[in-house]
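With the working numbering as the guide, the letters of the sequence shown map in order to residues 3 to 279.
Here's the structure we're looking at; comments come further down.
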Amino acid sequence: MSFIAILLTIFLEQRKLLGGIRGWFNNKIEQYANLFVKRDFQTVREIRLYFIFALIPFLLVTMLLMILPLNSHHLPYFIINCLLFVLCVDILGWKDEAKKANRGSDFQQFVQTFATKFFATTFWFMVLPSVLGAICYLVLNAMATKLRARGEESLVYSVVVDKMLFWINLVPYTVLIIFIAVAGDFEEVMRYALEQRGKVKLSFFYLENVLNEVAFVAIGKDKFAKPHAIEDDGIEDVRSTNNLFDPKVVDYVVALLYRSGLFFIAFVSIISIINLF
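This is the structure:
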């Protein structure tokens, strides 16, 4: 069922048919998330409890679905899950973001958009029962985004939210790194990954930077590095450190993500076909 939902989503996105209804759905997710984060939190424990409270309704629905004699082979179950997948997963949105990217930057936000809105959401859709895995992931992300924006008000917000985002993204980001390695320079990516042993930080900011660096490593970023300017006195000019890469590096990263996404979709399709038997 998963590969049918993915193909349907791609078809609808390419024809720009999801803008209105997906915007409405995302707005409802944000409204629901806001019910739990609009208050002022005083302690770390309080924030964690409200994140748990937000998930309780979805856990109850999951238990109900497990009790009822429904499975992926029932037509109503299939249709509902397929429609919710279409609303939850943004497969091609990162591509439009890449067109507007700052091509001189050594950090590309569209890589994170690909990872969260497509890969991680699809990953949790497959791993957890029904489409509730994807919805729970979106709710947690929406809550985290709102609290992250208030991080300047309190260190409690930024620390707790950063760690929470780390834990819900750790597994999908790790799996994505493997797909990126397969789609790019596998040996270099694995070497970089092994170098991170002992350096891991329980921080989503760290996870974002690792994924971004993996994308550059996978395309062989060294061949795009611009030489630093050397002043007459022999001192290196570091004023251009935000423009370390040739602008065309973005095109290579986009191509890399395309290949990674295709490999992932092929993998999902194989799993879905196997589950039919």
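Ideal Cβ placement from N, Cα and C applies to all residues, glycine included.
Note that the structure is a prediction, hence the values are computed from the model and not measured.
Q) Measuring CA to CA, which of Q111, G200, F60, E189 is closest to L259? A) Comparing Cα positions, the closest option is Q111.
Q) Any idea what DSSP makes of G263, helix, strand or coil? A) helix
Q) Within 10 angstroms of its Cβ, does P174 collect 16 or more other Cβ (buried), or is it exposed? A) buried
(Q) Here's the rule I'm using: 16 or more other beta-carbon atoms within 10 Å means buried, otherwise exposed. How should E15 be labelled? (A) buried
Q: Tell me, to the nearest whole angstrom, how far the beta carbon of V129 is from that of L86; I am working on the premise that it is less than 8 Å.
A: About 16 Å; that fails the 8 Å criterion.
Q: Could you work out which residue in V252, F120, L149 is closest to K101 when comparing CA atoms only?
A: V252
Q | Best match in S271, K18, Q33 for proximity to M145 [C-alpha to C-alpha] | A | Q33
Q) Can you give, in chain order, each stretch of the beta strand (DSSP E) that sits fully within the region 158-223 and has at least 3 residues? A) none
(Q) Within 10 Å of its beta-carbon, does Q114 have 16 or more other beta-carbons around it, so buried, or fewer, so exposed? (A) Around the beta carbon of Q114, a 10 Å sphere encloses 16 or more other beta carbons of the protein chains shown; the residue is thus reported as buried.
Q: Report back the beta-carbon spacing between V256 and V216 to the nearest angstrom; my notes put them in contact at under 8 Å.
A: Not a contact, Cβ separation roughly 15 Å.
Q: For N104, name the three-state secondary structure that DSSP assigns.
A: Per DSSP, reduced to three states, the secondary structure at N104 is coil, with no helix or strand assignment.
Q: Could you give the DSSP three-state label for T45: helix, strand or coil?
A: Under the three-state reduction of DSSP, T45 is assigned to coil, being neither helix nor strand.
Q. Which of helix, strand or coil does DSSP assign to F109?
A. Three-state result, F109: coil.
Q: Compare the Cα-Cα distances from S274 to each of F80, I54, G186 and report the closest residue.
A: F80
Q.
Suppose you measure from the CA of K201 to the CA of K148; what does that come to, to the nearest Å?
A. 28 Å
Q | For D187 and G263, the rounded distance between their alpha carbons | A | 16 Å
Q.
Suppose the cutoff is 8 Å on Cβ atoms and the five residues either side in sequence are ignored; what does the same chain contact list for I267 look like?
A. F5, I8
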